[in-house]
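Notes follow once the structure below has been shown.
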Amino acid sequence: YVGFLDDLILTPQLLFFIFLPILIFESAFNMNIRKIVDNGWSIGLLAVLGLLISSFLIATVLYFVFPFIGIEVPFIVTLLFGAIISSTDPVAVLALFKTYGAPKRLSLIFEGESLFNDGTAVALFMVVLAVASSGVFDASTVIEGIGMFLSMLIGGIILGLLMAGLFYRAIRGAKSNEFVAVTLLIISAHLVFVVSEAINEFGLFGLDIHVSSIIATTVAALFLGNYARHTLSPRTDEYLEKSVEHLAFIAKW
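Numbering-wise (our numbering), the sequence shown opens with residue -18 and increments by one.
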């Protein structure tokens, strides 16, 4: 009998900090950043504007439908729900694209959108939750919420690039040792994520700054996957890819 297992609890924090970063890293690491940039407008419109429209449409429909079944729900609550369910997983859609021979550019746009819409959804959720918690819903809180939302998106991109640059230099210095290089790449996902959350919790240089940990991790993984891995030997790169796939498999399982 292993008694200590009674105290083992699968908490949201465990899922958030242990499993989510490696899943994000695995998805973004193998994407072609040049193709992402070339289709940036389409991906950005779907991941940001498309998700916002979807969230508000869902919230509006629920706000007017619930009274018909005798439930009065504030709009801010239905908007929270809209933010939660608007993030999409394109696996089934991409499988259909592959089956019916859809253009590769269309598949790339959907796959690229899926990388960033999670971060957008979480940012929107956090903003709406902050507004709901304040108990005040007026023009000033809306403007403050929009500012926080933009801060999380832009701040996540900047932090992801900065952290990726630091890891890139470290990996170039350790490329002769495949175990060190692979370890640095793998821990980069978790470290970028944790640093982002620490900034959200404690601020930066005395400023109350908010950044999206998901966006930061995605951007860092894109950068490292397209630049840092090319400094590795083919043998090390193959070892890295298998290691990341294995860790992602464990996280999904």
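Built from N, CA and C at the ideal position, the CB exists for glycine as well.
With 16 other Cβ atoms within 10 Å as the buried cut-off, status of residue i
i	result
Ala145	buried
Ala120	exposed
Glu249	The question about residue 249 has no answer, for the chain in this structure spans -18 to 234.
His191	buried
Pro2	buried
Leu205	buried
Glu94	buried
Ile52	exposed
Phe174	buried
Tyr(-18)	Unreliable placement is indicated for Tyr(-18), whose pLDDT of 42 sits below 50; the coordinate value is still reported in the next sentence. Exposed.
Leu30	exposed
Selected residue, minimal CA-CA separation from residue i, among the options
i	options	result
Leu203	Ser35, Ile65, Leu32, Tyr149	Tyr149
Thr217	Thr101, Asn158, Ser194	Asn158
Met133	Glu178, Ala170, Ala151	Glu178
Tyr44	Val54, Leu221, Leu188	Val54
Ala9	Phe97, Val58, Lys79, Val175	Phe97
Lys223	Ile50, Val163, Leu32, Val58	Val163
Phe91	Val108, Leu26, Ser169	Leu26
Residue i and residue j closer than 9 Å at C-beta
i	j	result
Asn13	Arg86	no
Ser167	Phe6	Correcting the residue identity first, residue 167 is Ile in this sequence and not Ser. Yes; because the gap between Cβ atoms is below 9 Å, this pair is in contact.
Leu110	Leu61	yes
Ala40	Phe106	no
Ser193	Gly136	yes
Thr69	Ile196	no
Ile152	Leu213	yes
Gly128	Thr198	no
Ser23	Ser67	no
Ala113	Val58	yes
Leu221	Arg210	yes
Reduced DSSP category for residue i - H, G, I as helix; E, B as strand; rest coil
i	result
Leu185	strand
His191	coil
Leu33	helix
Asp19	helix
Tyr81	helix
Ala155	coil
Gly116	coil
Met107	helix
Tyr(-18)	Bear in mind that the predicted position of Tyr(-18) carries a pLDDT of just 42, short of 50, making it unreliable; the figure below should be weighed with that in mind. Three-state result, Tyr(-18): coil.
Asn98	helix
Tyr44	helix
Pro215	helix
Below-9 Å beta-carbon distance, residue i vs any chain C residue
i	result
Val192	Checking the listed chains, one finds no chain C in this structure; it contains a single protein chain.
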